[in-house]
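Student:
4 protein chains.
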Amino acid sequence: MDRIYVIATGGTIEKVYSEQTGTVQNVDSKIERYFRMLRLPEAEIEVTHLMNKDSLEMTDADRESVLATVREKFGMAPAPIVITHGTDTMVETGLLLQKNLPELPYPIILTGAMTPLGFEGSDGLQNLTESLLAARVLPAGIYVVMHNQVFPVDRVRKDRELARFVWK
Amino acid sequence: MDRIYVIATGGTIEKVYSEQTGTVQNVDSKIERYFRMLRLPEAEIEVTHLMNKDSLEMTDADRESVLATVREKFGMAPAPIVITHGTDTMVETGLLLQKNLPELPYPIILTGAMTPLGFEGSDGLQNLTESLLAARVLPAGIYVVMHNQVFPVDRVRKDRELARFVWK
Amino acid sequence: MDRIYVIATGGTIEKVYSEQTGTVQNVDSKIERYFRMLRLPEAEIEVTHLMNKDSLEMTDADRESVLATVREKFGMAPAPIVITHGTDTMVETGLLLQKNLPELPYPIILTGAMTPLGFEGSDGLQNLTESLLAARVLPAGIYVVMHNQVFPVDRVRKDRELARFVWK
Amino acid sequence: MDRIYVIATGGTIEKVYSEQTGTVQNVDSKIERYFRMLRLPEAEIEVTHLMNKDSLEMTDADRESVLATVREKFGMAPAPIVITHGTDTMVETGLLLQKNLPELPYPIILTGAMTPLGFEGSDGLQNLTESLLAARVLPAGIYVVMHNQVFPVDRVRKDRELARFVWK
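Protein chains in written order, with my numbering: chain Y, 28 to 195; chain G, 28 to 195; chain S, 28 to 195; chain C, 28 to 195.
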């Protein structure tokens with residue numbers, strides 16, 4: 028069994044529809060429900076629910092807490108890390124990690140979704156599937172993985188109009 | 028082939044998630060995409076896209092236009108009618124129809140959804156399926172049909188907290 | 028709460044795909060998993076797993092056992108009954124019930140599917156949804172309910188080529 | 028845009044349920060319908076429908092034709108190749124490719140499914156998603172990619188009882 032850490036921070040991928048308010052919100056984490064739809068016979072997925080925020084509302088302290096969690100995982104029993112994150116500031120968090128973690132024992136994959144998991148046309152399960160595979164095969168480094176694309180974190184930006192990431 | 032008229036007015040059942048704004052909105056009608064998931068070999072579904080509104084934003088003129096459309100359908104080639112509608116003012120529209128249509132040749136079924144069609148846990152396709160069957164078998168009258176329940180329109184109210192309709 | 032009895036006998040609707048043999052079989056009942064996808068706030072569904080057979084393999088004794096179960100339900104606490112059944116001999120079982128139950132306190136709905144529940148393009152959940160509604164609103168009688176159609180059991184036959192039921 | 032060739036040969040992943048016979052069969056290719064569920068903005072997927080066979084029925088000539096197709100793709104405009112294939116003889120085909128293609132310009136990914144695409148619990152879309160990502164990031168070589176696992180083709184065997192591939 029190969030361990031993969033998942034650090035869940037919220038973002039669109041985990042948003043749920045509220046029947047009371049008619050809006051989508053970050054309330055309860057639902058990511059593990061979707062992991063159960065995948066076959067992962069040799070992967071030991073260890074999920075940390077760090078926070079559940081729209082990434083536009085993440086503070087500096089929130090990003091520091093992501094960094095601290097990555098340090099803790101790499102300190103104890105190093106293994107690849109997948110971070111689920113809102114797309115709007117995913118790159119910002121990734122660059123903070125890059126600046127503070129000059130040497131990495133394993134890859135860190137940032138991923139998320141444009142449409143919440145389980146909504147029609149969602150890219151969430153595709154991105155989770157890709158990220159869990161990327162975690163296994165990519166060399167150490169910090170990446171954004173979504174939509175069949177793999178970007179080093181310092182080479183990528185979100186294109187809001189296209190609703191996806193592009194090279195910068 | 029037996030005709031069933033569907034008059035689509037919007038409401039949660041037709042809401043879509045916008046990747047640009049991160050909100051759910053009434054933009055394009057998607058109801059016909061879901062009819063295609065059903066087997067309706069002897070039903071000739073004729074859809075009228077009357078409007079696409081959150082029912083809290085429907086005006087008196089909007090409700091009059093629903094009434095006019097029902098009159099037109101019953102005037103030309105009478106057949107059962109299913110009206111898809113936001114749940115918040117579904118009963119109000121139904122009562123207007125009741126007041127103005129003392130004699131009905133066929134049943135009128137009001138339906139909608141608490142969660143949009145195609146979102147995880149949606150009740151939309153269930154309610155459409157039930158309403159199309161109710162349209163075939165109920166006697167003339169005006170009903171709310173959702174969640175395996177059939178309410179005469181003057182006996183029902185929405186319970187917001189329970190997120191469903193209850194007897195009144 | 029209104030009770031609805033469900034008597035599950037197997038048929039295509041409950042078939043599952045076996046990864047070991049590459050075939051579809053009647054092994055475990057899965058119907059209750061699909062009931063949980065429906066919102067049935069006022070329905071108390073009581074499921075009896077009577078057998079799990081392809082209806083071409085049902086014997087006279089099997090059909091007698093369906094009859095005995097119906098008698099038992101109607102004898103104790105009468106309520107509408109939905110029977111899930113293979114489509115090939117659904118009508119045969121229905122006619123046996125009709126012959127032996129001249130007076131019915133509630134409707135009996137026979138339903139099934141052309142494609143198993145959960146397979147792409149399945150009509151299973153549609154037929155269950157329709158049957159549970161039909162159980163509430165139809166007068167006493169024995170019916171086949173599938174594909175937005177309601178047939179009295181002595182007026183229907185399966186058309187294998189069309190993969191549906193038609194009037195006879 | 029980066030090209031990825033897909034060579035479809037059939038196998039469980041493409042099987043469909045026949046309502047007439049009640050069996051699952053390799054009849055029509057359905058793989059492209061599932062590609063459309065994925066977001067692949069920078070991938071130009073070019074699908075070759077080579078055959079549609081249960082891999083237990085593949086002949087030597089069939090395997091030679093897979094080899095010839097790979098040679099043709101690599102000869103004209105080399106790009107990564109994903110081969111969808113029945114799992115029972117997937118390794119056999121992979122080893123034939125390995126023996127005959129000592130130098131590869133790009134990776135060749137063999138994938139398939141234990142349960143057909145679109146059947147409940149199917150691993151098909153997961154495996155396609157993983158294979159399309161693996162095609163982008165793996166070094167030249169011949170691999171089996173399924174269930175979050177990446178096996179060099181000479182290190183893998185199917186475990187029928189576990190319904191998955193394991194290291195050999």
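All C-beta atoms, glycine included, are put in the ideal place defined by N, C-alpha and C.
(1) Compute the Euclidean distance between the alpha carbons of G102 (chain Y) and M141 (chain G), then round it to the nearest angstrom.
(2) Hey, would you say G151 (chain C) sits closer than 9 Å to Y32 (chain C), going by beta carbons?
(3) Mind checking which residues open and close the beta strand (DSSP E) that includes N79 (chain S)?
(4) Enumerate in chain order the residues of its own chain whose CB-to-CB distance from G121 (chain G) is below 7 Å, with the five nearest sequence positions on each side excluded.
(5) Using a beta-carbon distance below 9 Å, is H22 (chain Y) in contact with chain C?
(6) I58 (chain Y) to A35 (chain Y), Cα distance in whole Å?
(7) Consider the Cβ of E46 (chain Y): report whether some Cβ of chain G lies at a distance smaller than 9 Å.
(8) Residue range of the beta strand (DSSP E) that L128 (chain C) falls in?
(9) Do T75 (chain G) and K100 (chain G) come within 9 Å of each other at the CB atom, strictly closer than that value?
(10) Output, in sequence order along the chain, the residues in the stretch 155 to 167 of chain C whose CB is closer than 7 Å to any CB in chain Y.
(11) Taking C-beta to C-beta, are T39 (chain Y) and P143 (chain Y) nearer than 9 Å?
(12) Return the first residue and the last residue of the beta strand (DSSP E) that Q176 (chain G) is part of.
(13) Can you give the beta carbon distance from P132 (chain Y) to P105 (chain Y), rounded, assuming they're within the 8 Å contact cut?
(14) Where M64 (chain Y) and Q153 (chain C) are concerned, what is the direct C-alpha to C-alpha distance, given to the nearest angstrom?
(15) What number of angstroms, rounded off, separates the C-alpha of E147 (chain Y) from the C-alpha of E147 (chain C)?
(16) What is the C-beta distance between E157 (chain S) and T156 (chain G), in whole angstroms, given that I count them as a contact (C-beta under 8 Å)?
(17) Could you give the uninterrupted runs of the alpha helix (DSSP H) lying entirely in the stretch 127 to 167 of chain G, keeping only those of 4 residues or more?
(18) Would R187 (chain S) pass as a contact of R66 (chain G) if the rule is Cβ separation under 9 Å?
(19) Can you name the residues of chain S whose CB is closer than 8 Å to the CB of A190 (chain C)?
(20) Report the rounded CA-to-CA distance for T114 (chain Y) versus V54 (chain G), giving the unit in angstroms.
(21) Give a yes or no on whether the C-beta atoms belonging to V164 (chain S) and Y44 (chain C) are separated by under 9 Å.
(22) Consider the Cβ of D150 (chain Y): report whether some Cβ of chain C lies at a distance smaller than 9 Å.
(23) From the DSSP output, read off the bridge partner residues of I169 (chain C).
(24) Any C-beta of chain C sitting closer than 9 Å to the C-beta of V118 (chain S)?
(25) Using a Cβ-Cβ distance under 9 Å, would D181 (chain C) count as near chain S?
(26) Does V109 (chain S) get closer than 9 Å to chain G when you measure Cβ to Cβ?
(27) So if I threshold CB-CB distances at 7 Å, which residues from the stretch 47 to 70 of chain Y count as touching chain C?
(28) In three-state terms, what does DSSP make of D186 (chain S)?
(29) May I ask you to list the residues that DSSP assigns as paired with Q52 (chain C)?
(30) Cutting at 8 Å between CB atoms, please list the residues of its own chain near F178 (chain S), excluding the five before and the five after it.
(31) For chain S, is any of its Cβ atoms less than 9 Å away from the one on Q125 (chain G)?
(32) Three-state secondary structure (DSSP) at G37 (chain C)?
(33) List the whole-angstrom C-beta distance separating G139 (chain C) from T111 (chain C), where the pair is believed to meet the contact cut-off of C-beta under 8 Å.
(34) Going by other Cβ atoms of all chains shown within 10 Å of its Cβ, with 16 needed for buried, is M28 (chain G) buried or exposed?
(35) For L160 (chain S), which option in S:E46, S:G37, S:S56, S:E69 has the closest C-alpha, if you only look at C-alpha atoms?
Tutor: In short:
(1) 46 Å
(2) no
(3) 70 to 80
(4) L137, I169, V171, V180
(5) Nothing can be reported for residue 22 (chain Y): it is not among the residues displayed for chain Y, which extend from 28 to 195.
(6) 8 Å
(7) yes
(8) Neither: L128 (chain C) is in no beta strand (DSSP E) and is coded neither H nor E.
(9) yes
(10) T156, E157, L159, L160, A161, R163, V164, L165
(11) yes
(12) 176 to 179
(13) 4 Å
(14) 9 Å
(15) 17 Å
(16) 6 Å
(17) 151 to 164
(18) no
(19) E46, Q47
(20) 24 Å
(21) no
(22) yes
(23) C:I135
(24) no
(25) no
(26) no
(27) L65, R66, L67, P68, E69, A70
(28) strand
(29) C:V43
(30) Y170, V171, V172, F192, W194
(31) no
(32) strand
(33) 6 Å
(34) exposed
(35) S:E69
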